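J.: Here's a structure for you.
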Amino acid sequence: MPEILGAAGLTVELGARRRLFGTRPGVRAVDGVDLSVAAGETFGIVGESGCGKTTLARTLLGLQREASGEIRLGGLVVSGQDSATARRQRAAVQYVHQDPGAALDPWWQVGAALAEGLAIHGVTDRAEQRIRIAEMLVAVGLDPALANRYPHELSGGQQRRIGLARILLLRPKVVILDEPTAGLDLSVQAAVLRLLRELRDRFGLTYLFISHDLSVVRRVCDRVAVMYLGRVVEQGRAETLFAAPQHPYTRALLAAAPRLDGAAAGPSLPGDPPSLRAIPAGCRFHPRCAQADAGCARLEPALVETSPGHLTACHHARRAA
Amino acid sequence: MLSVEGLSVRIGTGRGQARILDEVTLSVPRGGTLGVVGESGCGKSTLLRAILGILPRGTQVPAGAILFEGRDILADRAASARGRIGFIPQDPYLSLNPVFTAGAQILEAMRHHAPGTRRDHKAKLAELFRAVQLPDPEAALDKYPHEFSGGQRQRLLIAAALACDPALVVADEPTTALDVTTQREILALLRQLTAARGLSLLFVTHDFGVLAAVCERVAVLYAGRVAETGLTRAVLDDPRHPYTRMLLGCHPDRAVDLTGIPGTVPAATAQPAGCRFHPRCPLVQPGCAREVPPMLPLAEGHAVACPFHALPLPEPALA
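Residue numbers (the numbering used here), protein chains in the order written: chain F, 4 to 324; chain D, 30 to 348.
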């Protein structure tokens, strides 16, 4: 499959302020990320809070300006613009909020919120809007009569579906799903994941699936990138990455996920991730890494192919046999 | 240690009476851990509030008792278990007052509920901070909540729950707001502390993985009733109630095909008659809508509120 969305050496700085004398430096929330998402796949991004998952998503969307690097969409370089132009150019990329309840205006009926998106994208005819909204509500498994309800009348699962309907009306090619199952009950989560798969097949979508729930990512993603402190530390096909993780951080993350059989696998990871303002020299994971040696503190490992289609940024990557 | 017997809780609402809990019976043995699992709206939080004696105003308790150390703490407010039951809240970010130091807010509770002088309390708290592995425990007393990370705040709250020497600790999804690596450490700490101090633990969660990591026994709640109870391993490995089976079948680690459970959890004001799960149940029989199924004992304290627990589920819903 050809690439639909890609990034090379993408760096994003947050919070830099120009002061009277000089500037206050920002933090690098995303630091040199290379990505290539193929059309039609579900690409997972996992990592702990503060690792830069959401900033990366916002930058790919064009809501946040990159400090350096390149973003490609459908083969064209789309980076380097101010955010208004960038957003217009990247209308094919849409974003589903982490908290769909908070993303809906409590004073607006659901139908009005859905119509607004259509109007902004040039569908102003009321009758046409109504038809498209009703169709889309059915597509996401909701009763079209729900268009006359207010957000607070909907359950968490219904709000997720409205969040999906809202962006699918805009006919995107790439959908960024930010924690699409956070806060959902298990049975509702299963239904939402199933719906996502159906919608992907029906509308020919590509998903960038941001999540910290490893069980879900393993289940739905084709390929996965693991982020730590603004960098991708490992990337590969989901089944290989989960079966034989090569980076020590990925191994710790997988070992920490609670399992149904109650088995604890491997030692736990000590401490919290360091602050983005004090990123360790060399490999940024080395202070928490059991395998670190003197070299790790000096030299930052590059993300290199350690087995076919599998990239790891570690001097001691456990290569697949 | 703690035994909840036939507890029913009702709340009057504009749309009629909400039956939040209905004849819930469960117990936590001394030194034992019981997990309470269920989806949103199943009554987990109300159960916790009833045990902690903080049911909201306007709540009625038409039936049932909560026996703690032999006394009914529902009927007899004087026998109140304050101080003897520690509470670990869900959200470490919202549960600490930002304008008081960590020490000040925990010492305040100790002043009311723990014997001894302030000096004793301080020494004891520093000791607890060491036990929960906070870095630099003495200095932590004088720090403000924002100076701690999320995992450290949860450690702080665990120390607070233990400050008045409780016999029972009640935890309300204490790791949902945390990252998995932090969650794992907090769960390990909870296991270690409850074992070392011989504490009983009532642990509310919606995460079966967390449940498996912490609890010996489990009670599965559905729409205010206990659907199934037993040893955690037994329930997870061989769930018998159709609801438990279907719910575990939704778990991404186990699901053959992600389907979900058809329908939704009933509103507390409109609970179906008979078995609460019957409108969504693939094994439903005519009798299910009429009679409330009793708890049927299976092996080793495993009990299930479904007379058809031995029947296989139809193919697509198979756990």
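All residues carry an ideal CB built from backbone N, CA and C; glycine is no exception. From a predicted model like this one, the values you see are computed outputs, not experimental measurements.
Exposed or buried, residue 213 (chain D), counting other C-beta atoms within 10 Å across all chains shown (16 or more means buried)?
T.: Mapped onto the second sequence, residue 213 (chain D) falls at position 184. By the 10 Å Cβ count, residue 213 (chain D) comes out buried.
J.: For residue 51 (chain F), return the contacting residues in chain D, with the cut-off set at a CB-CB distance below 7 Å.
T.: Reading the first sequence from its first residue, position 48 is the one you call residue 51 (chain F). Within chain D, the residues near residue 51 (chain F) are 208 and 210.
J.: Is there a C-beta anywhere in chain F that falls below 9 Å from the one on residue 334 (chain D)?
T.: Translated into positions along the second sequence, residue 334 (chain D) becomes position 305. Closer than 9 Å: no.
J.: Can you name the residues of chain F whose CB is closer than 7 Å to the CB of residue 237 (chain D)?
T.: Counting from 1 along the second sequence, the entry for residue 237 (chain D) is found at position 208. Within 7 Å Cβ-Cβ: 263.
J.: What first and last residue would you give for the beta strand (DSSP E) that runs through residue 130 (chain D)?
T.: Residue mapping note: residue 130 (chain D) aligns to position 101 of the second sequence, counting from 1. Note, residue 130 (chain D): premise wrong, no beta strand (DSSP E); not H, not E.
J.: Going by DSSP, what residue range makes up the beta strand (DSSP E) through residue 97 (chain F)?
T.: On the first sequence, position 94 is the one that residue 97 (chain F) refers to. Its beta strand (DSSP E) spans residues 96 to 99.
J.: Checking the sheet assignment: what are the DSSP bridge partners for residue 37 (chain D)?
T.: Within the second sequence, numbered from 1, the residue matching residue 37 (chain D) stands at position 8. Residue 37 (chain D) is bridged to D:92.
J.: Can you list, in chain order, the stretches of the beta strand (DSSP E) that have 3 or more residues and sit fully within the segment 226 to 294 of chain F?
T.: For the segment 226 to 294 of chain F, whole beta strand (DSSP E) runs of length 3 or above, ordered along the chain, are 226 to 231 and 234 to 240.
J.: Identify whether residue 173 (chain D) lies in helix, strand or coil by the three-state DSSP scheme.
T.: By one-based count along the second sequence, residue 173 (chain D) stands at place 144. In this structure, residue 173 (chain D) counts as coil in the three-state DSSP scheme.
J.: For residue 275 (chain D), count neighbouring C-beta atoms within 10 Å of its own C-beta (all shown protein chains included) and say buried if the count is 16 or more, exposed if not.
T.: For the purposes of this step, residue 275 (chain D) is taken as residue 246 along the second sequence, with counting starting at 1. Looking at its Cβ environment, which holds 16 or more other Cβ atoms inside 10 Å, residue 275 (chain D) is buried.
J.: Looking only at its chain, what residues have a beta carbon closer than 7 Å to the beta carbon of residue 161 (chain D), apart from the 5 residues adjacent to it on each side?
T.: Position 132 of the second sequence, counting from 1, holds the residue named residue 161 (chain D). Counting only Cβ-Cβ distances below 7 Å, and skipping sequence neighbours, we find 184, 187, 188 and 218.
J.: Does the Cβ-Cβ distance between residue 176 (chain D) and residue 190 (chain F) come in under 9 Å?
T.: Within the second sequence, the letter at position 147 stands for residue 176 (chain D). Within the first sequence, the letter at position 187 stands for residue 190 (chain F). For residue 176 (chain D) and residue 190 (chain F), no; Cβs fall outside 9 Å.
J.: Output the residue ranges of the alpha helix (DSSP H) runs that lie fully inside the segment 216 to 282 of chain D and measure 4 residues or longer, sorted by chain position.
T.: If we require 4 residues or more, the alpha helix (DSSP H) runs fully inside the segment 216 to 282 of chain D come out as 237 to 243, 261 to 266 and 271 to 277.
J.: Using 9 Å as the limit for Cβ to Cβ distance, is residue 41 (chain F) near chain D?
T.: For the purposes of this step, residue 41 (chain F) is taken as the residue at position 38 of the first sequence. Output row for residue 41 (chain F): interface = no.
J.: Is residue 331 (chain D) helix, strand or coil by DSSP?
T.: Against the second sequence, residue 331 (chain D) aligns to sequence position 302. DSSP places residue 331 (chain D) in coil when its eight states are reduced to three.
J.: Roughly how many angstroms lie between the CA atoms of residue 342 (chain D) and residue 312 (chain D), to the nearest whole one?
T.: As a working mapping, residue 342 (chain D) is identified with position 313 in the second sequence. As a working mapping, residue 312 (chain D) is identified with position 283 in the second sequence. Going from the Cα of residue 342 (chain D) to the Cα of residue 312 (chain D) covers about 7 Å.
J.: Quick one: any contact between the segment 249 to 256 of chain F and the segment 81 to 95 of chain F, if contact means 3 or more CB pairs under 8 Å?
T.: Verdict: no, contact absent.
J.: Going along chain D, which residues have a C-beta under 9 Å from residue 222 (chain F)?
T.: Position 219 of the first sequence holds residue 222 (chain F). Residues of chain D passing the Cβ test: 281, 282, 284 and 287.
J.: Could I get the ranges of all uninterrupted alpha helix (DSSP H) runs contained in the segment 144 to 216 of chain D, with 4 residues as the minimum, in chain order?
T.: Complete alpha helix (DSSP H) runs here, min 4: 147 to 160, 166 to 169 and 179 to 191.
J.: Could you check what DSSP says for residue 159 (chain F) in three-state terms: helix, strand or coil?
T.: The residue given as residue 159 (chain F) occupies position 156 in the first sequence. Three-state DSSP puts residue 159 (chain F) in a helix.
J.: To which residues does DSSP link residue 73 (chain F) through a beta bridge?
T.: Residue 73 (chain F) sits at position 70 when you count from the first residue of the first sequence. Bridge partners of residue 73 (chain F): F:11.
J.: What residue from D:302, D:287, D:234 and D:317 has the CA that sits closest to residue 72 (chain D)'s CA?
T.: Mapped onto the second sequence, residue 72 (chain D) falls at position 43. Out of D:302, D:287, D:234 and D:317, D:234 has the C-alpha closest to the C-alpha of residue 72 (chain D).
J.: Since residue 117 (chain F) contacts residue 169 (chain F) with CB under 8 Å, what's their CB separation in whole angstroms?
T.: Reading the first sequence from its first residue, position 114 is the one you call residue 117 (chain F). Reading the first sequence from its first residue, position 166 is the one you call residue 169 (chain F). The pair is a contact, with the Cβ atoms about 5 Å apart (cut-off 8 Å).
J.: Using a C-beta to C-beta distance shorter than 9 Å, which residues of chain D count as neighbours of residue 164 (chain F)?
T.: Stepping through the first sequence from its first residue, residue 164 (chain F) is reached at position 161. None at all; the shortest Cβ gap to chain D is about 12 Å.
J.: In the DSSP output, what is residue 47 (chain D) paired with across the bridge?
T.: If you number the second sequence from 1, residue 47 (chain D) lands on position 18. In the DSSP output, where bridge partners are listed per residue, residue 47 (chain D) has D:40.
J.: Where residue 48 (chain F) and residue 214 (chain F) are concerned, what is the direct C-alpha to C-alpha distance, given to the nearest angstrom?
T.: As a working note, residue 48 (chain F) is residue 45 in the first sequence. As a working note, residue 214 (chain F) is residue 211 in the first sequence. Taking the straight line from one Cα to the other gives about 6 Å.
J.: Taking DSSP as the reference, what is the three-state secondary structure of residue 113 (chain D)?
T.: As a working note, residue 113 (chain D) is residue 84 in the second sequence. It is coil, neither helix nor strand.
J.: Between which two residues does the beta strand (DSSP E) holding residue 30 (chain F) run?
T.: Here residue 30 (chain F) refers to the residue found at position 27 when the first sequence is read from its first residue. Element bounds for residue 30 (chain F): 30 to 41.
J.: From residue 197 (chain F) to residue 287 (chain D), what distance separates their C-alpha atoms?
T.: Here residue 197 (chain F) corresponds to residue number 194 of the first sequence, with the count starting at 1. Here residue 287 (chain D) corresponds to residue number 258 of the second sequence, with the count starting at 1. Whole-angstrom Cα-Cα distance: 6 Å.
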